[in-house]
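With my numbering applied, the sequence shown covers 1050 to 1608.
Every residue, glycine too, gets a C-beta built ideally from N, C-alpha and C.
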Amino acid sequence: MKSLEDTCIHCIMNSIQDIPHIKEKLPRIYKELLLMRLSEHSLLTPNVMECVKQQLFVTSLQHLQLYHCDQVNDQFLKSFADSRRQLKTLVIEKCDVSDVGVLAVTHQQKSLETLVLKYLIHLTQKGLGNVKSPVLHTLNLKGCSQMNSKGVLTVLQNNPSIEVLRVAGQGNHKYDDLLFHDIAETVGPTLKELHFAPHTISDVCLCVLATRCPNLQVLSLYGCPRITGGSLLKLTQGCTSLRNLDLSYCVQLSHSPDNQSLWTLPVTLTTLSLCGIMLEDKEILVEALQRLRNLQSVRLCGIPCLDDDTFTQIMEKRGSSLVEIDLSGMRKKDFTDEGLRSISKYCTSLEILNISMCHEFTGESLLPLLEDPKRAQHITKLFLSSRKISYEVLCAAATYCNNLCSLDLGGVGCVDDNLLCLLAQNTPKLQRLGIKGCSKVTDTGLCTLSGSCQDLAFLVLSGVNNITDKSIFCIANNCPYLEEIYLNGCKQISTTTLQYLMDYCVSSVYIQHVTPNLAPEQLMAKNLDTGEFCRVDQIDYNTHNSHKRKIAKEELVGL
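Right under this line is the structure:
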């Protein structure tokens, strides 16, 4: 259910024009929250905007967060702009703004610490000219398809204190290798996190980062096919504080002599991804991972030399410290449930396990882990969408993993209402659930689940053809913090019900409902006998009239 705080904010949001003296009565943090909610629900209409300017645009605001709203445009940002209002956080994501609006809202903002401008397709290098804050430490320009190297360099030169830089997504073809030199020269000593993937960074660029960025802790080299063992060696020698390194699909590291650089990975690493590296040398893989004594999270998807034996050797040394293991997409005949047995044997603190798309696994060797009252309590995320996964394993996870917050069972044919009822009884913290294509699930299971797991924020129900509007109403009434729901192919769900869901949830809900041959729109109404909302054409009038006759008879008996 909604918290009292969110219920009050929701009421104010929908009646803001009728409530006097909001400016004086509402604390700053709630003004900030109200602005965010108004943008999320696209309620910044011209009439509301006049009230917003008078009541919410106060000089004490410190955090402005605006999401997915076409009403947030250049005019809105120019109306908000005021150099006396010193923001600490500015987030604008998927809004209809350009250089003009960003220039206005960032002008003279000397206290800005975090700047997030995501998926602003009209933003160019010119829009960043006013970003000048001596305390700016985080910059995120993900998905700004018109941005280029010059724009990023301008921000870095004007804000040399940046520690976290994220520049990824659409338009990466506009970033050249020279930018990495510029990043290293301008913010090298302070830079701690660099997220630039996918980008084909060269050996030369990586060597520059290794030399100039000694404090680098997080680096993503995802999809960089030009990286060789020599530059990776220099990186590990120069950046001795690295704790998170993503080498996914760095294909040059698959073969000798470049693969030998994996022996030199810094022991400071806590998170490592080797997905997609076609490594054939079992000895290098085992020894490279065994020596990483601080390793907590590892992704080993698609590595050819990983089998029951090599995985067992790795788990024997590192299993006790691992909190996350990702083996998704492993389809090798020589990696079976016997290899998974080492997880049950050696992992004492595991929190996240991903064996999705591993169609050789039944998961039965995981039962000692899942049924262990102590270790099962550590588990928070499970990804088990594999065809052969055992129903007994699913029931064990639903029964004993009481702190589970994320579960993916997409395509698992044995998932049914009984399993959802087990989740409802035992996993009250569940926030994310994927049951795509689980055709045995009906309204009964989903309504029971939504009534108990009221923190649900992410649901994948595509292809669950038996569910109807009843499930959506239950989700809307019980799960007000829902953020995303996927309902492709669910023909018994009406658009009217989905609108009800969008209106009732606290934040803006992303709904994907692509359904060919959808039934014509039906009238929705509340059944006064049961209290449920349903389609008028689905009301059983015989039952309805029978219920009325029963009530009348009881009243006569009472007289």
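{"Item": "Cα-Cα separation, Glu1099 to Asp1067", "Value": "12 Å"}
{"Item": "Sequence-distant residues of the same chain with beta carbon closer than 6 Å to Leu1605, five excluded per side", "Value": "Residue placement at Leu1605 cannot be trusted, given a pLDDT of 47 that sits under 50; the coordinates are not used to answer."}
{"Item": "Endpoints, the alpha helix (DSSP H) within which Gly1412 is located", "Value": "No alpha helix (DSSP H) contains Gly1412, which DSSP labels as neither H nor E."}
{"Item": "Reference Asp1226, options Glu1336, Leu1508, Leu1255, closest by Cα", "Value": "Leu1255"}
{"Item": "Cβ neighbours of Arg1424 in the same chain (closer than 6 Å, five flanking residues each side left out)", "Value": "Leu1418"}
{"Item": "As assigned by DSSP and simplified to three states, the class of Asp1148", "Value": "helix"}
{"Item": "Cβ neighbour criterion (16 or more within 10 Å) applied to Ile1250", "Value": "buried"}
{"Item": "Reference Asn1293, options Ser1346, Thr1313, Cys1299, Arg1275, closest by Cα", "Value": "Ser1346"}
{"Item": "Three-way DSSP call (helix, strand, coil) for Thr1187 in this model", "Value": "strand"}
{"Item": "CA-to-CA distance, Gly1325 to Gln1219, given in whole angstroms", "Value": "Any reading at Gln1219 must be qualified, since the residue scores a pLDDT of 46, below 50, and its modelled position is unreliable; the value itself is stated next. Between Gln1219 and Gly1325, the C-alpha separation is close to 22 Å."}
{"Item": "Euclidean distance between Cα positions of Ile1534 and His1562", "Value": "9 Å"}
{"Item": "Distance between Ser1414 and Thr1397 (C-alpha atoms, nearest Å)", "Value": "15 Å"}
{"Item": "Buried/exposed call for Gln1046, threshold 16 Cβ in 10 Å", "Value": "In the structure as shown, the chain begins at 1050 and stops at 1608. Residue 1046 is therefore absent and cannot be evaluated."}
{"Item": "Inter-residue Cα distance where the pair is Cys1288 and Asp1295", "Value": "14 Å"}
{"Item": "First through last residue of the alpha helix (DSSP H) which encompasses Thr1108", "Value": "First-last for Thr1108: undefined, no H or E at that position."}
{"Item": "Coil, strand or helix - Val1267 by DSSP", "Value": "strand"}
{"Item": "Asn1221, DSSP secondary structure in three states", "Value": "Any reading at Asn1221 needs caution, since the residue's pLDDT is 46, under 50, leaving its predicted position unreliable; the model's value is listed next. Helix, per DSSP."}
{"Item": "Three-state secondary structure (DSSP) of Gln1426", "Value": "helix"}
{"Item": "Beta-carbon gap between Asn1475 and Ala1447 smaller than 9 Å", "Value": "yes"}
{"Item": "Among Ile1484, Asn1526, Asn1514, Thr1138, the one whose alpha carbon lies nearest that of Ser1501", "Value": "Asn1526"}
{"Item": "Beta-carbon spacing of Leu1472, Leu1479 below 9 Å", "Value": "yes"}
{"Item": "Backbone CA spacing between Gln1426 and Tyr1449 [nearest angstrom]", "Value": "7 Å"}
{"Item": "Coarse secondary structure for Glu1533, derived from DSSP in three states", "Value": "strand"}
{"Item": "For Arg1390, the first and last residue of its enclosing alpha helix (DSSP H)", "Value": "1386 to 1395"}
{"Item": "Separation of Lys1366 from Leu1355, as counted between CA atoms", "Value": "15 Å"}
{"Item": "Min CB distance Gln1066 to chain B below 9 Å", "Value": "No chain B is present in this structure, which holds just one protein chain."}
{"Item": "Buried versus exposed, by CB contacts within 10 Å (16 or more), Val1316", "Value": "exposed"}
{"Item": "Residue nearest to Gln1135 in terms of C-alpha spacing, selected from Leu1185, Phe1522, Tyr1440", "Value": "Leu1185"}
{"Item": "Residues near Gly1538 in its chain [Cβ-Cβ closer than 7 Å; skip 5 each side]", "Value": "Ser1511, Gly1512, Asn1514, Thr1564"}
{"Item": "Separation of Cys1144 from Gly1494, as counted between CA atoms", "Value": "37 Å"}
{"Item": "Start and end residues, beta strand (DSSP E) containing Val1509", "Value": "1507 to 1509"}
{"Item": "Close beta carbons around Asp1357, own chain, < 7 Å, minus the five adjacent residues each side", "Value": "Asp1383, Phe1384, Thr1385, Glu1387, Gly1388"}
{"Item": "Runs of beta strand (DSSP E) lying entirely within the region 1279 to 1367, each at least 3 residues, in chain order", "Value": "1293 to 1295, 1320 to 1322, 1346 to 1348"}
{"Item": "6 Å Cβ shell around Val1555 - same chain, five flanking residues per side excluded", "Value": "Asp1055, Pro1529, Tyr1530"}
{"Item": "Three-state class that DSSP yields for Phe1432 in the structure shown", "Value": "strand"}
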